[in-house]
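Contents: one structure, followed by commentary.
Residue numbers (the UniProt record's numbering): 1 to 195.
Structure (C-alpha cells):
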C-alpha cells in the first residue's frame, strides 16, 4: 500500500513540477538543467548545458568557479535527479524556523564546499562535535532528512564528501588550528578539556 501511495504522490509531484524544478536563490522554483560531464575540467570549473537553463552552480554565482570536484558531482546529481532534489529541498524546508541554519539547497552546497577547506577549531561553546554536524544536525531530524540520508545516491555522495574532507584534514593545510590562540587546539582551555 505504501509503495502505491508513494508512487502516486511522486507521479503527481513530477507532473506538476514540484519535484523537478530546482529552487532559485530566492527559494522560488527555477528552470531545470543538468551539468555536463566535468571530468575533463580543472578543479572547480563548471560545464553547463547552453540551453539558457541555469544549473545550481550557475545560480550560486561567482563562487561556483571554486567548487571542489565532489561538490560538482553532487550538484550534477541534484540537477539530474528530481527525487534527490526533492528530498534535499524538503529536509531544509522542514527545519524549524527558529533553528534554520540553511536557506536552501544552494546554501547547503556552498557551506559544504567551504567546509572542505576548514579544519575544526577549538570552541568551548560549540555543542555539535564538528563543523559538518553543525551544518547537518537539523536536517537529520526532519522526516525528509530521515529519508534523504537513506537514499543510495545521497549516501554515496556523503561518503565521497567525507573522504575528500579527511584528505584535507590529513594534509598540512589543516594544521592552522594547531596553535595557542583561543580557537587553537594548543590553547590553555583546549588543553584543559583534552587532559
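All C-beta atoms, glycine included, are put in the ideal place defined by N, C-alpha and C.
Annotation for residue 90: the continuous alpha helix (DSSP H) segment containing it runs 82–93. Rounded to whole angstroms, the separation of the alpha carbons of residue 68 and residue 150 is 24 Å. By the criterion of at least three beta-carbon pairs nearer than 8 Å, the segment 95–105 is not in contact with the segment 157–166. One thing to note: residue 113 has its Cβ within 8 Å of the Cβ of residue 71. When only Cα atoms are considered, residue 183 and residue 119 end up about 11 Å apart. Between the C-alpha atoms of residue 168 and residue 78 there is a straight-line separation of about 24 Å. Here residue 173 is actually not in contact with residue 179; their C-beta atoms are around 14 Å apart, not less than 8 Å. Taking 8 Å as the cut-off, the Cβ atoms of residue 116 and residue 135 do not count as close.
Non-local beta-carbon contacts of residue 74 in its own chain, meaning distances under 6 Å to residues more than five positions away in sequence, involve 157 in chain order.
DSSP places residue 171 in the coil class of the three-state scheme, outside both helix and strand.
Going by beta carbons, residue 110 and residue 148 fall outside the 8 Å limit. Within 10 angstroms of the beta-carbon of residue 188 lie fewer than 16 other beta-carbons, which makes it exposed. Relative to the Cα of residue 155, the nearest Cα in the group 80, 66, 76 and 84 belongs to 84. Distances from the CA of residue 101 to each of 131, 76 and 177 were compared; the closest alpha carbon is that of 131. Contact check for residue 91 against residue 145 passes: the beta carbons are separated by less than 8 Å. Ranked by Cα distance from residue 138, the first of 152, 108 and 176 is 108. Counting only the Cα atoms, residue 142 lies some 37 Å from residue 181. Between the alpha carbons of residue 76 and residue 82 lies a distance of about 11 Å. Residue burial annotation: residue 106 is buried, with at least 16 other C-beta atoms found within 10 angstroms of its C-beta. Excluding the 5 residues flanking it on each side, residue 124 has same chain C-beta neighbours closer than 6 Å at 189, in chain order.
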